[in-house]
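Numbering (the UniProt record's numbering), first residue to last: 1 to 694.
What follows is the structure, encoded as structure tokens:
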């Protein structure tokens, strides 16, 4: 009867400008889709060149190499008898567009440019592309010769159109268009489109996955239809981790779910669905049918091809499933771990080095590396040949097979406790015990000789010797002496990262991991160019509150009992002298605010777009049970003073895994000045007037 259609979508671990690797992964996904009976295959956004090319989109080379890859795909026997939908940049009449190129049997059917561009947060698509603003309009696109020679076509349709096959109608959306208030699938559905496709470049943020799933399911709940979503996965060269979650939905219910985090470079979902289920679902929605009678029709590109077979009565179709979401703690365990693995293998380094202080932040970072080792061993056990090949190259052993996460951890992870006269024995013991339990190669060293040498040079030149405040020194002296310790640790971290493997008779160098959390960065509670300065930071976008919950998760799931004492200890920098052998310095006392308060300030500043006055107005209601308006005013002023004084530190912030929407990352997510008038005189005066009125 021709009613059961078999379609495929995928999540691919593409890499910006890795045209060779990207082509291989695209081809592999098409092979898998065909082998499972699919007649249509959808891939991620800009999959040919990789989504994160940034200003490389300006280069004609990026366009040229994308067309070269397209030519290879068109020529490939694997792409015969299956509609292939791939993403790449295209220059049309001297304007660059983010496009889908849809082809079948060496013929391009349609080039569909993106209509709504993502331009908020981490996205800058309007910098490189222009949206297609001609609704339901199609023009002729003159193909480059390299493609003409393969297809025999001189021109192809370019614009806002849909595909009409022998048995159904398909319409295209691209990433942001699903999130827009006037999504194309609404009008397309009213015009009879039964299958909607969405190629995405959507990155991971904690607690975001359910929003994407809800949007996909709601797209067909009101209007009926089949919705197919593809997404990129992995680290394609920057701070983002694209989290897969390819899915297929029908009539408001999920029928196929891809993984959110995995080390598989290619993941393909295939579903067989009954078109009559769409038609019967729509038939009883009278409001939809009334609206459909008035809709402006889309141009249709006729395709002499069917997604179904003529004799398909006995073909089984897919049933709805319940989407399984990860908890935030699982997301922290898996997302940054996969990001670290991609960074390690693609940077061609031999492992990681982490200054392990025995506190929550560096311990959480160590646990993420340990989780990565778990994921690697699991992938190899499940037969992932790509992961095994990467492992063998990293450890420089062609026969090695990782089976025990602790044993693999010892090969690729070095931890280093850098003690000073201000360090307690407790933190030393905690770091050592955690290193033993995760299996890292652990180093204990003392930095006092280096600190004394640096301070000695200063004293010799100036004739003055600075002292800590507990010994009568000023606050300037106290801070300078803390910073010397912190910065020496950074220098030593890089020295040991370069030469530790050399001392062990092993090749290669190590990537230095940072471990400043998002709240400390926001407040500026770190020394510029200390151990927060590293190659990459897997927790730089995660709050202290979430990290504490993650530590508890690791105690329960990885049986890391050393974390219990780390959890119960007060956070401290251990840069000031001990008093009777005990800590005299804690983070929250130093900062003048709690980590819980910092999270609230961060969300109000970034997500709620609140300046000092608006933040005060919101907090006097939020905190009315615990603070007077004058106390709230004092807290808000203190936060903004400290934030603005320290904002310059964000310009040198270590590249961090993006996990929170209130991240202060200065690179491209949170664009602010770094030289402020830190008195905030006008703003604070407005607060004072309101306090007096209250």
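Yeah, the Cβ is synthetic: ideal placement off N, Cα and C, and Gly gets one too.
Under the criterion of beta carbons closer than 8 angstroms, residue 9 and residue 248 qualify as touching, at roughly 6 angstroms. Straight-line spacing of the CA atoms in residue 164 and residue 199 works out to 19 angstroms. By the criterion of a C-beta distance shorter than 7 angstroms, residue 663 is surrounded in its chain by 518, 541, 669, 670, once the five residues flanking it on both sides are discounted. The Cβ-Cβ distance between residue 11 and residue 166 does not fall below 9 angstroms. Distance between residue 250 and residue 217, taken at the CA atoms: about 7 angstroms. The residue from 388, 419, 437, 426 with its alpha-carbon nearest to that of residue 410 is 437. Taken atom to atom, the span from the alpha-carbon of residue 295 to that of residue 599 is near 47 angstroms. For residue 263 and residue 387, the gap between their C-alpha atoms comes out near 7 angstroms.
When the alpha-carbon of residue 143 is set against those of 128, 101, 178, the nearest one is in 101.
Linking residue 433 to residue 341 through their CA atoms gives a straight-line distance of about 24 angstroms. The DSSP assignment places 125-128, 145-151 as complete runs of the alpha helix (DSSP H) inside the segment 102-166, in order along the chain (cut-off: 4 residues). Using a 10 angstroms sphere on the CB of residue 642, the tally of other CB atoms reaches 16 or more, which defines it as buried. In the DSSP assignment, residue 7 is bridged to 40, 271. In this chain, residue 346 is not harboured by any beta strand (DSSP E); it is covered by the alpha helix (DSSP H) spanning 328-347. Between the alpha carbons of residue 625 and residue 545 lies a gap of roughly 22 angstroms. Residue nearest to residue 127 within the set 421, 53, 362, 314 is 53 (criterion: CA-CA distance). Apart from the 5 residues on each side of it in sequence, residue 602 sits with its Cβ closer than 6 angstroms to the Cβ of 522, 662 in its chain, given in chain order.
Taking every protein chain shown into account, the CB of residue 471 has fewer than 16 other CB atoms within 10 angstroms, so this residue is exposed. Pairing residue 539 with residue 515 gives a Cβ-Cβ distance under 9 angstroms. Put simply, the segment 265-273 touches the segment 26-38. At least three CB pairs are less than 8 angstroms apart.
Here residue 313 carries a coil assignment [DSSP, helix/strand/coil]. DSSP places residue 84 inside the beta strand (DSSP E), whose first and last residues are 83-92.
Under the three-state reduction of DSSP, residue 253 is assigned to strand. If you draw a straight line from the Cα of residue 442 to the Cα of residue 564, it is about 20 angstroms long. Taking the CA atoms as reference points, residue 81 sits about 40 angstroms from residue 394. The C-beta separation of residue 492 from residue 418 comes to about 6 angstroms, placing the pair in contact by the 8 angstroms criterion. Apart from sequence neighbours up to five positions away, the residues of its chain that approach residue 338 with a beta-carbon distance below 6 angstroms are 261, ordered along the chain. Counting the other CB atoms within 10 Å of its CB gives residue 526 a total of 16 or more, which places it among the buried residues.
Going by DSSP, residue 427 is part of the alpha helix (DSSP H) stretching over 425-438. Under DSSP, residue 243 shares a beta bridge with 233. A residue is called buried once 16 or more other Cβ atoms fall within 10 Å of its Cβ, and residue 133, having fewer, is exposed. Rounded to the nearest whole angstrom, the C-alpha separation of residue 537 and residue 655 is 6 angstroms. Within the DSSP bridge table, the entry for residue 203 names 242 as partners. Residue range 612-622 is occupied by the alpha helix (DSSP H) that includes residue 613. Using a Cβ-Cβ distance cut-off of 8 angstroms, the segment 224-238 and the segment 196-210 are in contact, since at least three pairs of beta carbons, one from each stretch, lie closer than that value.
Out of 152, 453, 215, the CA that lies nearest to the CA of residue 181 is found in 215.
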